[in-house]
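In what follows, a structure is listed as structure tokens, so that the remarks can point back to it.
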Amino acid sequence: MPKCAFVTDHQSIDVDFDMPLITDAANTIELDAAVVEWDDTNIVWSNFDLVILRSPWNYTNKLEEFLRWGERVTSATKLINPLDVVKWNLSKDYLIALQDAGVPTVPTYITNPDIGTDDNFSAFFKLFSSSSDFVMKPLVGAYSRDVKRFNWGDLRSAFMHLDYLHRKNSPVLMQPYMNSVDSYGETNLIFIDGIYSHSIRKGALLLEDGTVNPPDFQYRSSRNASPDEINLASQALQYVSNKFNLSEPLLYGRVDIIHDENGAPMILELEVSEPSLSMPIYKQSAVSLCEAIKRRFNTMNV
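Shown next as structure tokens:
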């Protein structure tokens, strides 16, 4: 009987709200599955026919080790989503690629640690000085770690945060803050096996006073995505499929969308490596995921 692994880590499993639903669904449809930690050196990955990334979110602290692990798994079995896609998606400069391809995204500037803090802020200011607030986040990051909102009246704190991230050898993504997030929030659209599954509203996590709310479920609620939002999310996922010449749809994906000052949707983030899928809000999605995995087994003839 073919077997799959759902990959997490010992720190993240407690905040993976999807995993209990996924394992229950796997049991219900008799999918042979195990929950494993990616950095457990005792795991023999060739024992699994599919290795599926779910919540290995401590990779941000050991990125090179995680990528080497991905190479080993890919040489031993089938990793989902594919490693090339994961590598591309782990660094948020993919937003620049989407933007260059004509996919509406939040305007983005990537800092250059070699030119110093003053010059980076000058370059960002020239591009986006019309915004009242702005956001900084690590180029590689998960679970909102080190993501902060600033205003132009508190540049000292912003300079300190940029210096802090640069000292961690992390380029930084800077974006104007879209005020619509404070009222409308963001729409997270979840796709399973290339098909739109469900969407949620996520409330503002970056508050005006600099406070950062954790990405907990208390800030999430059900929302019906608009046709424009679904079309934009589909456009972004199609870009990924075309870029990597994928022969089958991505098993999972999440597209986070906010609105500009005119109400037009734009992509905040595209998550196709290890996204939370907000399954507790739409429990059937866990069954859909496991059924899609069984279909993969059928096409693999295992």
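For the sequence shown, the positions run 23 to 324 when my numbering is used.
Heads up, the beta-carbon is just placed ideally off N, CA and C, and yes, glycines get one too.
Delimiting residues of the beta strand (DSSP E) encompassing residue i
i: H220; result: 217–224
i: L72; result: 72–77
i: V29; result: 25–30
For residue j and residue i, believed in contact at Cβ under 8 Å, the rounded distance
i: V66; j: V29; result: So it is not a contact: roughly 14 Å between Cβ atoms.
i: M23; j: P126; result: The pair is not a contact, with the Cβ atoms about 45 Å apart (cut-off 8 Å).
i: L187; j: T139; result: Not confirmed; about 10 Å, so no contact.
Those residues which DSSP pairs with residue i across a bridge
i: F213; result: Y218, G275
i: D155; result: N173
i: Y131; result: M196
i: M288; result: I280
i: P160; result: V194
i: A56; result: A27
i: S244; result: I222
Proximal residues to residue i (C-beta, below 6 Å), its chain only, five neighbours per side dropped
i: V157; result: R171, Q197, Y199
i: L211; result: S221, A247, A255, V277
Residue nearest to residue i in terms of C-alpha spacing, selected from the options
i: G216; options: E230, L311, A27, E86; result: L311
i: N64; options: S77, L85, T50, W91; result: W91
i: D61; options: S295, K159, V95; result: V95
i: V37; options: L299, K84, L272; result: L299
i: L85; options: I102, S97, W110, N323; result: W110
i: Y261; options: S244, L292, D282; result: L292
i: M301; options: I35, D31, L43; result: L43
Endpoints, the alpha helix (DSSP H) within which residue i is located
i: T139; result: 139–150
i: V262; result: 249–265
i: E93; result: 85–98
i: I325; result: Residue 325 lies beyond the stretch modelled for the chain, which goes from 23 to 324, so this question has no answer here.
i: L120; result: 116–122
i: D168; result: From DSSP, D168 is part of no alpha helix (DSSP H); its letter is neither H nor E.
Own chain partners of residue i with C-beta closer than 7 Å, once the 5 adjacent residues on each side are dropped
i: F70; result: K25, C26, A27, T99
i: G207; result: R223, K224, G225, A226
i: P135; result: H188, P193
i: R245; result: T209, S221, I222, R223
8 Å Cβ shell around residue i - same chain, five flanking residues per side excluded
i: Q33; result: W79, N80
i: T161; result: First, the amino acid is wrong: residue 161 is Leu here, not Thr. Hits under 8 Å: S113, K114, D115, I132, S192, P193, V194, L195.
i: L254; result: V125, P126, V277, I279, P287, M288, I289
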